[in-house]
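Numbering (the working numbering), first residue to last: 1 to 51. As C-alpha cells, the structure follows; a few thoughts come after it.
Shown next as C-alpha cells:
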C-alpha cells in the first residue's frame with residue numbers, strides 16, 4: 001500500500017481534479033488571479049536558471 005502525503009491546503013477538496021491540465025490554467029481555478037499560472041512559471045524558470 002502506498003502512503004499518500006497529507007493534503008496541506010484545505011482548498012484542495014473544492015477543486016475537481018483535471019480542471020487545470022496545465023499550470024497556466026490555474027488562474028481563476030486555484031487562485032483568483034488570472035496571472036497565477038504565469039507567476040508560477042516565472043518562479044520555476046528562475047529556480048532552474050531558464051530565462
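Every residue, glycine too, gets a C-beta built ideally from N, C-alpha and C. All values reported here derive from a predicted model rather than from experimental measurement.
Query, Result
"Alpha helix (DSSP H) segment containing residue 43, residue limits", "36 to 48"
"Residue 37 classed as buried or exposed, judged by whether at least 16 other C-beta atoms fall within 10 angstroms", "buried"
"Residue 47 to residue 40 span [Cα, whole Å]", "11 Å"
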